[in-house]
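J.:
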Amino acid sequence: MTDLSTSAWGWRPGPTLLFMALLGLLLSVGLVVALSPRERPIGLPDDPDTRAARELVHENLPIPPRGLVLETAIAGESPVAELDSLKQQRLAAAHGRLRRAARLHPRDVRVSLALAHLELAAGRYQRAAREYRAIVARSPHYGEARLGLGVALALQAGAPMDELHARQQLMQALGQFANVTPDDPAYAAASFDRVRLLAQVGREREAREVLARALAVAPTPRWTARYRALGDEF
C-alpha cells in the first residue's frame, strides 16, 4: 500500500523541518537586532591627534551665511563666515592630524565624520556629501552625520544649477534633518535647520509644526531663544 502522506505528494519531513528551523533562527536574529540598543557614536576618540585637530579648528570651522547651523564634535558650533576665514594652514594641519588618527582608528566613524566636516569647511560640498553618506550608511542613527549631510546638500542647492535639481537637493537635506531623533545631541541644530529650509521652500505650516515639536522637547534656554527668533521670521 502506498503511503500518500509522503510518496503521492512528494513531501519529505526532513527538508521542511530544516527550512522551518532556519526560518525560526532568522526571525530570532531579526528580533534581537530590532530590540538591541541603537548605535549612536558621540564625541571623538581620546588621543593626541584628535585633540590637536580640535584645538586647531574649535569654533573656527566656518559655514557660509545661508541661515543654517552646524554643531560638531570637532569644532563646536561653526561660525557664519566665508570659507576663506579659516586659514588654509590650520585646515591642512587639522586634516593631517585627523588622517593620522584615522590610521590609528580605521573603523571609528567619528574620525571619518570629522574629516567630512573639514571637506565641508573647505567648500568641497560634493565630496563632503559623499563622505557623509558613507558614514550614515554605516551608522544610520548618527545624528551629527545626518546633520552634516543635510547642511552639505543644502549648500550644494545654493550653487548654480537648475531649479528642479536644487529643489531635489533641498528635499534630500530636509529628509536628513528629519531623521535626527529628539534623543540625539544633534537634534536641536537639525530641527533649526529643518525649520529654516521648510520656510524657504514655502512650507510654513509644516515649519511651524516642527518648531512647536522642537520647543516641546525642552531645549536649553539658548535654543529656546533661537527657535523663537526663527519663528518670528515667517
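Per full-length UniProt numbering, the sequence shown runs over residues 1 to 234. C-beta: ideal position from N, C-alpha, C; glycine also.
1. How far does the alpha helix (DSSP H) with P219 in it reach, from first residue to last?
2. Give the single residue among D49, V109 and R196 whose Cα lies nearest to the Cα of D232.
3. What did DSSP end up calling T181 once you bin it into helix, strand or coil?
4. Across which residues does DSSP place E163 in a beta bridge pair?
5. Nearest to I135 by alpha carbon, out of A52, A173, V69 and A116?
6. Among all the DSSP beta bridges, which residues are the ones paired with I63?
7. In three-state DSSP terms, what is T224?
8. Do A152 and L120 have their C-beta atoms closer together than 8 Å?
9. Would you kindly work out how many angstroms separate the C-alpha atoms of L128 and L155, rounded to a whole number?
10. Specify the secondary structure class of E55 as computed by DSSP and reduced to three states.
11. Short check: CB of G158 to CB of Q176, under 8 Å?
12. Using the DSSP secondary-structure output, state which residues sit across from T72 in a beta bridge.
13. Closer than 8 Å by C-beta to R90: which residues in its own chain qualify, once you throw out the five before and the five after it? Chain order, please.
14. How about the region 181-199 and the region 211-228: do they share at least three Cβ pairs that are nearer than 8 Å?
15. Could you name the residues of the same chain whose beta carbon sits closer than 6 Å to that of Y187, not counting the 5 residues immediately before and after it, in chain order?
16. Check this for me: beta carbons of V217 and P182, under 8 Å apart or not?
17. In three-state DSSP terms, what is R194?
18. Out of curiosity, what's the CA-to-CA distance linking A34 and T50?
19. How big is the Cα-Cα spacing for V80 and G43?
T.: According to the structure shown:
1. Following the DSSP letters along the chain, one finds P219 in no alpha helix (DSSP H), marked with neither H nor E.
2. R196
3. coil
4. Paired residues: none, contrary to the question.
5. When only C-alpha atoms are compared, the closest one is A116.
6. V80
7. helix
8. yes
9. Contrary to the premise, residue 128 reads as Ala rather than Leu in this sequence. For A128 and L155, the distance between alpha carbons rounds to 11 Å.
10. Secondary structure at E55: helix, using DSSP grouped into helix, strand and coil.
11. no
12. In the DSSP assignment, T72 is bridged to G76.
13. L56, V57 and N60
14. yes
15. V180
16. yes
17. helix
18. A caution first: A34 carries a pLDDT of 42, below 50, which makes its placement in the model too unreliable to give a value.
19. Rounded to whole angstroms, V80 to G43 spans 22 Å at the Cα level.
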